[in-house]
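Asks:
Numbering (full-length UniProt numbering), first residue to last: 1 to 154.
1. Among 90, 86, 82, whose alpha-carbon lies nearest the alpha-carbon of residue 99?
2. Do residue 115 and residue 96 have their CB atoms nearer than 8 angstroms?
3. Buried or exposed for residue 17, please, with buried defined as at least 16 other CB atoms from any protein chain shown within 10 angstroms of its CB.
4. Measuring CA to CA, which of 101, 86, 52 is closest to residue 129?
5. In angstroms with no decimal places, state the Cα-to-Cα distance between residue 120 and residue 103.
6. The alpha helix (DSSP H) spanning residue 125 covers which residue range?
7. Tell me which same chain residues have a C-beta within less than 6 angstroms of the C-beta of residue 79, skipping the five on either side of it?
8. Tell me, to the nearest whole angstrom, how far the beta carbon of residue 11 is from that of residue 113; I am working on the premise that it is less than 8 angstroms.
Shown next, in the form of structure tokens:
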């Protein structure tokens with residue numbers, strides 16, 4: 001199976017690559033199924049995985065963003081409210097159920113820094129949904145900044 005390590009400039013190319021890669025993987029998996037049953041599978045963290053700290057240090061490949069910038073080129077397109085909102089007024093809007101940002105699939109996806117900056121603008125923890133719009137499809141993506149622990153207390 002080919003592992004595609006290159007980066008894509010737009011969402012459409014990434015989707016095409018994923019679908020072609022998954023089709024090739026399915027075909028190869030079905031052809032090699034009897035052989036794979038006899039294979040030994042090893043852990044990706046062995047032999048260093050003697051305790052929880054060593055497992056986390058082995059799996060910690062992406063460093064956390066320490067500082068969130070104030071600049072953000074992303075702009076919200078829609079605040080979406082469910083129809084159960086009582087007494088809605090434009091002058092005193094309630095908290096939306098989620099927010100939508102529309103992106104063109106031929107453009108670059110926002111960077112992690114931009115997404116973190118966007119989330120830092122709002123303290124209400126409302127979901128931000130990216131609507132990646134193509135000629136004949138719309139894909140919805142939610143991306144949240146996440147901090148993984150470096151250590152687990154016992």
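Just so you know, even glycine gets a beta-carbon here, dropped at the ideal spot from N, CA and C.
Replies: Per the coordinate set shown:
1. 82
2. It is not a contact, given that the beta carbons lie outside the stated cut-off.
3. exposed
4. 101
5. 20 angstroms
6. Here residue 125 belongs to no alpha helix (DSSP H), and DSSP marks it neither H nor E.
7. 96, 99
8. Rounded, the Cβ-Cβ distance is 18 angstroms, inconsistent with contact.
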